[in-house]
Each structure stands twice: as structure tokens, then as C-alpha cells.
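Below: one structure, written as C-alpha cells.
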Ligand code: NAD
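Residue numbers (the working numbering): 14 to 288.
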């Protein structure tokens, strides 16, 4: 069975629209990129579409060298009309993503990538949790009571795997979390034991039906472009024995809605500060 992610994202969008009306101005999000790959282009296009629909100003800025990108970030950091800065990932070789991330002010870091915002997760304070990780957790919360569940996460990246793991361990969520990665032995054995499986490996169809337990919940974070088609990390056949998020239209859809929610939150905080 496919999990209905559309209604989760619709509820977030409705809340965002209402809050923008209360704000009385359009918040602004700027995405910064460098030679974007096909999945980044897809993500930027869906951001542009969603922002337009919700009444959020959206702009993409590109740079090809570290110097250019640092200048762009510095300008945006000091511009009061810009509420959210989003740095795309991955960036080309030669671009130091970490160095760039350090220059984003945490209060404009709507993607939750800075050490400040990631560090807040350890303290169980979700100031701006990374949007994709938050989307995976939000979808899981919508489908089941997480407390006490065995959740297996495949992937340990800074952007998805690690924050998901920390968020699931938060008091109140109380999942029992197992983390797998490219060096994990007997991956199918571990994934089969999961009540819920969150997959963020970036490997098309890594998870096949025999790797999933009957009736499990499977959140497919992967976005891979294969023969010009978007496919997840999970074989769609898994839907026959488990609850599965679709790709496209699953985690990505909720992620984009949450990114916009973060932009509004950043604008609300700034407006509060200026009152
Ligand atoms: P990444 O390459 O930084 O990390 C991948 C992780 O998967 C690594 O920790 C690696 O150890 C693990 N891995 C790789 N191959 C494996 C294997 N065979 N078995 C077990 N583990 C394996 O990727 P990322 O940035 O975390 O992104 C993961 C996927 O999620 C990508 O497809 C990306 O496009 C997608 N993504 C989706 C969204 C969204 O909104 N839906 C947002 C960000 C990323």
C-alpha cells in the first residue's frame, strides 16, 4: 500500500498560507547552487513551484568558484529581505561545502545544515531540523506511533541519515534505532527485522521485497535519475507487502512543504525581533 504523503504536505501548506497572511509580507528564500545535477534541478524546480503557490519569493543564485559562492552567501546573510538561505547538495568537486555552510547564519539556515542547527538536535531542540530528515520522521509519525518501534535507517549522511537517527531517538519519540551503511554486513537480515525502514542511500532499488518484513512501513528518501526517470532507493514492488512512500510524490513532496514552513518561521522570528 502506498502512504498518502500528499495530504501531509497539503496540511503543512495550508498552515503556511495562513501564517503568510498574518505576516503581511512575502518571505523570501534564496537557493544557492553550482553546476546542479539532475536531482538538484528537480528539487529546485519543485521549490520554485511550491514557493509561487504559497506566496513565497524564490530566487536561485549560482556561483562556480568558492570565492563567488562565499560572496553570494555574505550578501544574502546581510540582506534583511532574505529570510532563508538554501545551499544545494551535493556541490561539485573543489567546492568546500562545509566551509560554505559555516557562513550561513543559523537563523536563515532553513535547511538545517549548519553545525548550530545540527547540534541543537543532539540537545533535543529542533530549531531548524534538516527538512528531509524532518519529512521522513513526520511521515512515520503520521502512519504509526513511533515509541518502542524498531526503526532501521539505511544511510548515515549529515543531510539525512544522521539527523533522522538523532530525531528518532528524541525523548517522546523513543524509537529503537539501528543504523546501516555501505559497510554493513548482512543488510537484508537487518532490514527484515524492522518495524519501519527509512532508506537514504542514493542507490536505485537497493531495497527489494525480500529485504522487507510483511506489513512494515518503508520510507523511501532516495531520489535517483535512471533513464530520465525519477526512482527511489526502494523497489516499487515492496508496496505489495508493506506500506511504502511513493517516489516521486513522497518524502520529496513533504520536504519541500517543510522547507517553506521553515522560511515562514524564519520570517516570523525576524518580524518579532523588529517589532
Ligand atoms: P549520501 O551519498 O551522502 O549518503 C548515502 C548513505 O548511504 C551513506 O551513508 C552510505 O554509507 C549509505 N549507503 C550507500 N550505499 C549503500 C549500500 N549499498 N548499503 C547500505 N548503505 C549504503 O546521500 P544523501 O545525501 O544522504 O542522500 C541519499 C538519497 O536521498 C539520495 O538519493 C538523495 O538524492 C536523496 N535525497 C532526497 C531528498 C528528498 O527530499 N527526498 C533530500 C535529500 C536527499
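We put the CB at the ideal spot given by N, CA and C, even for glycine. Bear in mind the structure is a predicted one, so any value in this text is a computation, not a measurement.
Residue 203 sits in a helix when the DSSP states are folded into three classes.
Around the C-beta of residue 145, 16 or more other C-beta atoms lie within 10 Å, and the residue is accordingly described as buried. Annotation for residue 164 indicates a beta carbon at 7 Å or more from all heavy atoms of ligand 1.
Residue 123 and residue 96 have their alpha carbons spaced roughly 8 Å apart. Closer than 7 Å to some heavy atom of ligand 1: that does not describe the Cβ of residue 206. Under the Cβ criterion (8 Å, minimum of three pairs), the segment 222 to 236 counts as touching the segment 250 to 268.
The beta carbons of residue 192 and residue 150 sit no closer together than 8 Å. Here the alpha carbon of residue 67 sits roughly 20 Å from the alpha carbon of residue 93. Nearest to residue 186 by alpha-carbon distance, out of 265, 159, 148, 105, is 159. Three or more pairs of CB atoms, one per stretch, sit closer than 8 Å, so the segment 112 to 131 contacts the segment 81 to 93.
Of the candidates 162, 99, 20, 99 places its Cα closest to the Cα of residue 141.
By the beta-carbon neighbour count (other beta carbons within 10 angstroms, threshold 16), residue 194 is exposed. Residue 271 is positioned such that its CB atom lies no closer than 8 Å to that of residue 16. Close CB contacts of residue 189 within its chain, under the 8 Å cut and outside five residues either way in sequence, are with 161, 162, 163, 164 (chain order). The DSSP-derived three-state label of residue 91 is coil. By the Cβ neighbour-count rule, residue 135 is exposed, with fewer than 16 other Cβ atoms within 10 Å of its own. Secondary structure of residue 71 (DSSP, three-state): strand. The Cβ-Cβ distance between residue 55 and residue 243 falls below 8 Å. Distance from the CA of residue 211 to the CA of residue 76, rounded to the nearest whole angstrom, comes to 33 Å.
Comparing C-alpha distances from residue 154 to each of 177, 133, 137, 35 shows the shortest one belongs to 177. With a cut-off of 7 Å, the C-beta of residue 45 is classified as distant from ligand 1, since no heavy atom of the ligand falls inside that distance.
In this chain, the beta strand (DSSP E) harbouring residue 167 covers 163 to 167. Under the criterion of beta carbons closer than 8 Å, residue 101 and residue 53 qualify as touching, at roughly 5 Å. Here residue 137 is not near residue 175, since their CB atoms are 8 Å or more apart. Look at residue 132: its beta carbon is at least 7 Å from all of the heavy atoms in ligand 1. The shortest C-alpha to C-alpha distance from residue 169 to any of 152, 201, 197 is the one to 197. The secondary-structure analysis by DSSP pairs residue 258 with nothing; it has no beta-bridge partner.
In the three-state DSSP reduction, residue 172 falls in the coil class, being neither helix nor strand. Annotation: the segment 182 to 233 contains the following complete segments of the beta strand (DSSP E) (minimum length 3 residues), in chain order: 189 to 193, 209 to 212, 230 to 233.
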